[in-house]
Structure formats: structure tokens, C-alpha cells
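Peer 1: Below is a structure I'd like to ask you about.
In the numbering used here, the protein residues as written are 26 to 489.
Here you go:
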């Protein structure tokens, strides 16, 4: 059965060396006897889009892509309640965190991002052995492109997977932990350099990581640290140097009340493929890193593939219009954000400046996520999911093949229950939903209902 693996604390060097050099993803056996029953209550995870590495978590590699949102069997989570899901713009793997602090992983495993005792891909969620977290409950998780991070209840940070080449500093932050010159850890390992700090938030790009630390028992945040690959200025340190270990990132602003300057307090950190963002306690959005596709939301005099910003910069359009940001999501080179007054914006992928999204009359949004070339938003009432962007693998939840600048609305018939969270991966999408609170369907929902189809490995439709 897919979930019950025996773990060994370390891998024999020859085994790791051979599998790492080959660097291809072996597929795990499928539990073909498992009879799946569609759930009717509780918190559930749904998935749709590309499935080449089993990243939909549906216990099959036999579906290449899937347009109809489908439930991940809660059996694989040992019937525990999932409270958070995570994936990333470059990722073909995903994580889930349960209410009692356990971590589950599925999808691509070639870079050991699933923390199993092999580098196989898994088509159904597998438990990450709690011994790697010193048996502490985990309170937050984050996927990077090929690695993962987790924070325990004591504010300790753990990282694992692959996060750097022989020529770059690894973003894992493990000093001296290098196998064959690679930044690779096959299992979660504490970031010792942050001992004494209480980590409150973590963000992961492809090859860089950032955290916000602060006092344990207050909402205050005190210090941002960044590390990993520095190319394009993605660490915000004013240069393109890479950092092997957590490095403080400080910004100062004018202190109008007391004169002089004061340290900027940041409440959120977010990272995309090779760029980054910070939101301060006043809702101001700062962005830095690569800007070749206008993903930073700032005007370029002569846009080019070499554009970048190596220090955090405010977005002029938001400053001029006094737009306060609730959250921002960074993809490959597409950025989405939601404002404190419930508006949604996108930019990047050569949409030069922040562009307000029209979700229809009176719709306000509260949450967003960005994948490789698609984005998703949740409205304040959490009744439906809005998607837009590329759709080659049906990651928008509809069968129109190539993608759209228009907003696709996934109705309660397609994605039932209250939407707690949405997460966009490389070319797939996950949603965390609560079936205890089913919004009643309306005529508008009926009108929006779209037919869906499964596509098999041979490219032919499988009728549902």
C-alpha cells in the first residue's frame, strides 16, 4: 500500500549517488484494490490539471490530464483533517498539513522532495515521517520548485529536497550538508543557523528561501532572513550574490513621528521562480528580483530579458492610488494580488503594469495563487473558484485547450463546499474545501456549469 513505507534515517551513498545521477523519476505501485467513495462531509482536497508525476494525488498515473476537479481520497491522509495545502509555480509535487501537525507529500519525487527513502514519484499522498521533525507537530508548510520547508510549533525551520546546483549556494540552509557538490537533502533537516529565532513564516522560490521571524507570543515580526541563489537580485540584498546561510534583509523608512529612520516591519513574505515580494504592516507591497516579463509590476524604460531589481521596491501604481495589499502570489513570471478592499490584480507574462481583474458585478476576492502560467482567486463568500491564464493541461478546470485572458468561474457543482484555500502548481491546481458548509446552487451557477472530460495517456477522451 502506497502510504506505508519503512524509513531509514540515511540513504546508503551508492544508492543515493546512482539514483541522483540518473535523476529520473520512478513511479510507485498503485493500490489497485482501493475502492474510492466520493465524500459527502468534512474537509477535502480536490485537484485538476496535469498528472504526469501523479501530482493530482488520485492514486493513478493513467490520467495524463484532468479537467474536472476530483477528490483526493482522505484514506491517504489517514482520514485526518487537512488544514493547509501547498505547491509552487515550478513544482510537480504538493504538500498537505493536517490539523494535528502531520505532513503528507505526493507527486514528483526525483529530487527527494517527498522525503521518502527513495526518489520515486508517488501518485497518492505519503506521510513524511514525524521523526524528521523531532516528533514535534508542524504548523506551516511550503513547497519550492524542487524542495520543501516546514515550521514546527517551537518555531524551528526544516528543509529538504533539491535547491541548488554545484555552482550555486543551496537554499536549504544546511551548512556543510552537501552530497556530491549538490544542495540536496533526502529528508527534512533543521536549519541550524536559525537556532534562537522563532520562525513565523517561510516562502520558497525555485532556488531561494525567505523567512520572517519574531517573538513567539505576539503578532509582532522582527526580522526577515533570505538565502539561496542570488541571481537577478531575488534576495533583495542589493546585488546578485548567493548566500548559503540565512542573511538578514533590513529596510529602513523615514520615522515621521520621531525623526530619523526606523526599520520597516514586514507582515508577509512571498517568493516565485526567481523573484520575491514583501508586504509591510501597512499593506505596502515591495517586489524584487527578475523583471524580464514585467512580473515586478513596475515600468521599464526599455524592457529586456536582463531587467531586474536587487532591492525591494514599491509598485508605483499602488503607491499613487494608495492601494493596500492583503496578499500577493508569485508564479513563474506571472503575479496575482488581492487588495484589502477585495480587488484582484494580475501582472507579468508581459502584462506590463498591474491590471485589475473583472470578476463580475460586486464580486470581491480574498485569496489568490499563481502557478507557472495560470492564476486562481477565491471570492470573499468562498463559494466558487476563479481561474485564468494558460490551460494546456486543463489547470483552469475547463477543457478549452490553450488558455484565456477571461476569468473562468468554477461553480459549486464543479468544486463543492466552502473553499478554504486554492494552490496553483506547475500546470495543476489544488483546492481545500469544507463540505460541511455547502453553498446552495443558484441559477447563475447552473448557467455556468461546464462539461468536463478526462484525457488518457493516448490523448483520447475518457467519458466520465
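Beta carbons are placed, not taken as given, at the ideal position from N, Cα and C, and that holds for glycine.
Check whether the Cβ atoms of residue 176 and residue 227 sit closer than 9 Å, and answer yes or no.
Peer 2: Taking 9 Å as the Cβ cut-off, residue 176 and residue 227 qualify as a contacting pair.
Peer 1: Would residue 184 and residue 214 qualify as a contact pair, given that the criterion is a beta-carbon distance under 9 Å?
Peer 2: Yes, these two residues count as a Cβ contact at 9 Å.
Peer 1: Is the beta carbon of residue 350 less than 9 Å from the beta carbon of residue 304?
Peer 2: A contact, by the Cβ cut-off of 9 Å.
Peer 1: What is the C-beta distance between residue 372 and residue 320, in whole angstroms, given that I count them as a contact (C-beta under 8 Å)?
Peer 2: Their Cβ separation, rounded to whole angstroms, is 7 Å, which keeps residue 372 and residue 320 in contact under 8 Å.
Peer 1: Which residue comes first and which comes last in the alpha helix (DSSP H) that contains residue 213?
Peer 2: First-last for residue 213: 209 to 215, but that is the beta strand (DSSP E), not the alpha helix (DSSP H).
Peer 1: Specify the secondary structure class of residue 131 as computed by DSSP and reduced to three states.
Peer 2: In the structure shown, residue 131 sits in a strand (DSSP, three-state: E or B).
Peer 1: Below 6 Å CB to CB, which residues in the same chain sit around residue 186 once its five sequence neighbours on both sides are set aside?
Peer 2: These residues qualify, in order along the chain: 136, 137, 138, 171, 172, 173.
Peer 1: Between residue 447 and the rest of its own chain, which residues show a CB-CB distance below 6 Å, the 5 nearest in sequence each way excluded?
Peer 2: Excluding sequence neighbours, residue 447 sits near 394, 401, 403, 410, 456.
Peer 1: At a threshold of 8 Å, does residue 383 count as lining the ligand NAP (C-beta to nearest heavy atom)?
Peer 2: You won't find the ligand NAP in this model; it holds no ligand whatsoever.
Peer 1: Relative to the C-alpha of residue 95, which residue among 76, 111, 290 is closest?
Peer 2: The shortest Cα separation from residue 95 among 76, 111, 290 belongs to 76.
Peer 1: Would you decide whether residue 107 is buried or exposed? Buried here means 16 or more other CB atoms lie within 10 Å of its CB.
Peer 2: That one is buried.
Peer 1: Give the C-beta separation of residue 425 and residue 415 to the nearest angstrom, bearing in mind that I take them to be a contact with Cβ-Cβ under 8 Å.
Peer 2: Wrong, their Cβ atoms sit about 11 Å apart, outside the cutoff.
Peer 1: Tell me whether residue 240 sits in a helix, a strand or coil according to DSSP, three-state version.
Peer 2: Looking at residue 240 - three-state DSSP - the assignment turns out to be coil, as it is neither helix nor strand.
Peer 1: Can you tell me which of 392, 300, 132, 334 puts its alpha carbon nearest to the alpha carbon of residue 81?
Peer 2: Nearest C-alpha to residue 81: 132.
Peer 1: Just the C-alpha distance for residue 84 and residue 147, rounded to the nearest angstrom, thanks.
Peer 2: Rounded to the nearest angstrom, the two C-alpha atoms are 8 Å apart.
Peer 1: For the candidate residues 88, 436, 181, whose alpha-carbon lies nearest to that of residue 499?
Peer 2: The requested residue 499 does not occur in the structure, where the chain is confined to residues 26 to 489.
Peer 1: May I ask you to report which of helix, strand or coil DSSP gives residue 162?
Peer 2: Of the three classes helix, strand and coil, the one that applies to residue 162 here is coil, per DSSP.
Peer 1: Taking only three categories from DSSP, how would you classify residue 156?
Peer 2: In the structure shown, residue 156 sits in a helix (DSSP, three-state: H, G or I).
Peer 1: My parser needs the alpha helix (DSSP H) runs of 4 or more residues fully inside the segment 272 to 353; what are they?
Peer 2: The qualifying runs are 341 to 345.
Peer 1: At which residues does the beta strand (DSSP E) containing residue 93 begin and terminate?
Peer 2: That run of the beta strand (DSSP E) goes 90 to 97.
Peer 1: How many Å lie between residue 152 and residue 128 at the Cα?
Peer 2: Going from the Cα of residue 152 to the Cα of residue 128 covers about 6 Å.
Peer 1: Considering only their Cβ atoms, is the gap separating residue 360 from residue 302 smaller than 9 Å?
Peer 2: Against a cut-off of 9 Å, the Cβ pair of residue 360 and residue 302 comes out as a contact.
Peer 1: Between 68, 239, 298, 104, which has its C-alpha nearest residue 196's C-alpha?
Peer 2: Selected option, being the one with the closest Cα: 298.
Peer 1: Between the beta-carbon of residue 91 and the beta-carbon of residue 110, is there less than 9 Å?
Peer 2: Not a contact, by the Cβ cut-off of 9 Å.
Peer 1: Per DSSP, what are the beta-bridge partners of residue 107 in this structure?
Peer 2: 123.
Peer 1: Grab the span of the beta strand (DSSP E) containing residue 361 for me, first residue to last.
Peer 2: From DSSP, the beta strand (DSSP E) with residue 361 extends over 359 to 364.
Peer 1: State the Cα-Cα distance for the pair residue 206 and residue 188, rounded to the nearest angstrom.
Peer 2: Residue placement at residue 206 is poorly supported in this model, since its pLDDT is 47, which falls under 50; the coordinates are not used for a value here.
Peer 1: Spatial neighbours of residue 322 within its chain, please: C-beta separation below 6 Å, excluding the five flanking residues on both sides.
Peer 2: Here the set comprises 340, 372, 379.
Peer 1: Check residue 381 in the structure and name its three-state DSSP category.
Peer 2: Strand, per DSSP.
Peer 1: Grab the span of the beta strand (DSSP E) containing residue 72 for me, first residue to last.
Peer 2: Segment 68 to 75, the beta strand (DSSP E) holding residue 72.
Peer 1: Would you report the Cα separation of residue 332 and residue 344, rounded to the nearest angstrom?
Peer 2: Distance between the alpha carbons of residue 332 and residue 344: 21 Å.
Peer 1: Quick one: residues in its chain with C-beta nearer than 6 Å to the C-beta of residue 396, no 5 flanking neighbours on either side, listed in chain order?
Peer 2: So the list reads 114, 356, 449, 450, once near-sequence residues are dropped.
Peer 1: Assign residue 93 to one of two classes, buried (16 or more other C-beta atoms within 10 Å of its C-beta) or exposed (fewer than that).
Peer 2: So residue 93 counts as buried.
Peer 1: Beta-carbon of residue 398 versus every beta-carbon of chain E: anything under 9 Å?
Peer 2: Here chain E cannot be found, since the structure has a single protein chain.
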